[in-house]
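This report concerns only the one structure given below.
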Amino acid sequence: MSTPPLPREVLAQLPTGLLVDGQWRPSSTGATFAVEDPATTEVVTEVADASADDALAALDATSRAFEEWRAVAPRERAETLRAVFDRMTARAEELAAVVTAEGGKPLAEARAEVAYGAEYVRWYSEQAVRIDGLARRAPAGTNHQVVMHKPVGPAYAITPWNFPIAMATRKIAPALAAGCTMVVKPAQLTPLTTAFFAEIVREVLAERGLPAGVLAVVPSSSARRVSEPILADPRLRKLSFTGSTEVGRSLLKSAADGILRTSMELGGNAPFLVFEDADVEAAVQGALAAKMRNAGQTCVAANRFLVHSAVAEDFAAGLVAAFGKLVVGHGAAEGTSVGPLIEAAAVDKVEELVAAAVDRGASVRLGGERPDRRGYFYSPTVLTGVDREAPTVTEEIFGPVAPIVTFDTEAEAIELANGTEYGLVAYAFTRDVNRAFRLAEAIETGMLGINRGMVSDASAPFGGVKSSGLGREGGEAGLEEYLDSIYLAI
Ligand code: NAP
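In the working numbering, the protein residues as written are 1326 to 1815.
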């Protein structure tokens, strides 16, 4: 099968340097690293590889720009973000092509991610002029209390590869709306989308005569090399991280030294509950949305299908039929509905997890193999009769595999749902509204989708509990993460 390349005109416009003080520049060491198309394993382009000195130069620029940017009127910050949203929207096709070229997801999903990522920019353009305070008489009646908000200061964002545009705008947009400046370190596997977006921000800032150093971008082949000097620098006031729980834990330790404000969007192990009163066809459609976006490589991917035994066979048959219609291929090829996994190690891990489930007695109802093609592919897979203790159930799969476990009572379903260190999102299909509210009380999760396989929305607070993270992104809460309050007793 032929491989649709990244359109030449998009490649020609793609910045491949480091963005420091409004200038794209090479690494101070001259080093570069390669970015690969996971569907073909071919190199898309080379990107500047930031050094520790480059990281500090980026922080210097954003620290200087902070003093100017915090003084820019909220209306001007709002209109700047709105101009970025308009330009992103106008260039959505090019952005989507870059997302697919480096991340592998089908173009339709890449377009949806660009639209979703742009929504954060629009939402925070609207919120920039709504940073409220509070004034009231103290309970003792002796004075008044006034609470005002200020930007926390220069911020550092570390983003993952699975949503290279949305995870970047979810941090950059609220930071800029609040009056903060930001250094961003994109994932090594997907630095190109962030660079394309940052170029849009750079152009808009330059056209409006605003400080060039508001946003810096430091792609690197070594996350530690750039992160350690930035995190150790007292000018940094905020760290926002999206990625694995393991790396989040170690970053929290580094952030403790500087007493940094932190936002942590970490791993998940989402339960997808189907009760005996569910609309099973709707549950199958919800499962497709919750499981198969980005070939299962999302933090909100349904990881465990917990299904009442009375409807388990109907649900499994529906899922096998729906997954069986999916077309695996290059994300830019016409008709593809499932792209590759991000790298070879990801395919190895999924293969091991499926083998471990089968060892513990699971049946492979669909898939369970690598398709015979170049690239990092794994077939959509449905497993039934999966042991509750199998690693397929207890670990984040990050691949197109749906393990089905059965339960008989609501209490058992809740116990299974909560039997994990994670608590990012859960999904439940039931026609009983009282049960929906009971689940919201009982399930340890930051988000719950009722009769829906998707919850993400720029205007809603996204985030988890337990080992899934700290803080929220999106909605009003996402802006508060970049604001300090000052209380005046008058
Ligand atoms: P990851 O390995 O933790 O990497 C995430 C980011 O952290 C990358 O930019 C990575 O850089 C960087 N990083 C790695 N080690 C670091 C270190 N020692 N110091 C500083 N930065 C470091 O996670 P991933 O594999 O990219 O992403 C998958 C994970 O992210 C999954 O667990 C998923 O659930 C989670 N996730 C969570 C959310 C959410 O909102 N809760 C959203 C998306 C993904 P390199 O690229 O150079 O390694």
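Quick reminder that beta carbons are idealized off the backbone N, C-alpha and C, glycines included.
Taking 7 Å as the cut-off, is the beta-carbon of residue 1690 closer than that to any non-hydrogen atom of the ligand NAP?
Checking the 7 Å criterion, the Cβ of residue 1690 is out of range of every heavy atom belonging to the ligand NAP.
For residue 1812, count the other beta carbons within 10 Å of its own beta carbon; 16 or more makes it buried, fewer makes it exposed. Which is it?
Around the C-beta of residue 1812, fewer than 16 other C-beta atoms lie within 10 Å, and the residue is accordingly described as exposed.
Residue 1512 CB to nearest heavy atom of the ligand NAP below 7 Å:
yes
Within the continuous beta strand (DSSP E) that includes residue 1334, where are the two ends?
Segment 1333-1338 is the alpha helix (DSSP H) holding residue 1334; no beta strand (DSSP E) there.
Exposure of residue 1616, with buried meaning 16 or more beta-carbon neighbours within 10 Å
buried
Could you check whether the Cβ of residue 1397 sits closer than 7 Å to any heavy atom belonging to the ligand NAP?
no
Strand pairing of residue 1510, partner residues [DSSP]
Answer is 1483, bridged to residue 1510.
Reduced DSSP secondary structure (H/G/I, E/B, other) of residue 1691:
strand
Between the stretch 1346-1357 and the stretch 1391-1400, do three or more beta carbon pairs fall short of 8 Å?
With the rule of 3 Cβ pairs closer than 8 Å, the stretch 1346-1357 does not count as touching the stretch 1391-1400.
Between the CA atoms of residue 1357 and residue 1500 - distance to the nearest angstrom:
29 Å
Can we say the stretch 1624-1634 touches the stretch 1731-1743, given the rule of at least three CB pairs closer than 8 Å?
yes
Residue 1767 versus residue 1790 - alpha carbon distance:
13 Å
Within the same chain, show all residues whose beta-carbon is closer than 7 Å to that of residue 1608, passing over the 5 residues directly before and after it, in chain order.
1599, 1640 and 1754
Between which two residues does the beta strand (DSSP E) carrying residue 1468 extend?
Here residue 1468 belongs to no beta strand (DSSP E), and DSSP marks it neither H nor E.
Answer with buried or exposed for residue 1666, where buried requires no fewer than 16 other C-beta atoms within 10 angstroms of its C-beta.
In this structure residue 1666 is buried. Its beta-carbon is surrounded by 16 or more other beta-carbon atoms within 10 angstroms.
Thinking just about the alpha-carbon of each residue, which of 1418, 1462 and 1524 is nearest to the one in residue 1345?
When each option's Cα is compared against that of residue 1345, the closest is 1524.
Segments of 3+ residues assigned as beta strand (DSSP E) that fall wholly inside the stretch 1604-1652:
Runs of the beta strand (DSSP E) inside the stretch 1604-1652: 1627-1633.
Does the stretch 1358-1375 come close enough to the stretch 1696-1707 that 3 or more CB-CB pairs lie under 8 Å?
yes
For residue 1678, verify whether its CB is less than 7 Å away from any heavy atom of the ligand NAP.
no
Just to confirm, is the Cβ distance from residue 1588 to residue 1806 under 8 Å?
yes
Quick one: grab the DSSP three-state call for residue 1356.
Look at residue 1356 here: in three-state DSSP terms it is coil, with no helix or strand label.
Whole angstroms are fine: how far does the CA of residue 1764 sit from the CA of residue 1377?
47 Å
Report back the beta-carbon spacing between residue 1506 and residue 1390 to the nearest angstrom; my notes put them in contact at under 8 Å.
Cβ-Cβ separation between residue 1506 and residue 1390: approximately 5 Å, consistent with a contact (criterion under 8 Å).
Beta-ladder partner(s) of residue 1773, from DSSP:
Its beta-bridge partners are 1751.
Would you list the one or two residues that DSSP bridges to residue 1462?
Per DSSP, 1469.
Three-state secondary structure (DSSP) at residue 1598?
strand
Hey, residue 1647 and residue 1682 are a contact pair by Cβ (cut 8 Å); roughly how many whole angstroms apart?
Not quite, the Cβ-Cβ distance comes to about 20 Å (not below 8 Å), so this is no contact.
Give me whichever residues DSSP pairs with residue 1729 in a beta bridge.
1630
Kindly examine the ligand NAP and report whether one of its heavy atoms sits closer than 7 Å to the Cβ of residue 1549.
yes
Sorted by chain position, which residues of the same chain lie with C-beta nearer than 8 Å to residue 1360's C-beta, five sequence neighbours on each side aside?
1368, 1369, 1370, 1371, 1372, 1427, 1514, 1515, 1516 and 1517
Nearest residue (CA-CA) to residue 1612, options 1629, 1576 and 1656:
1629
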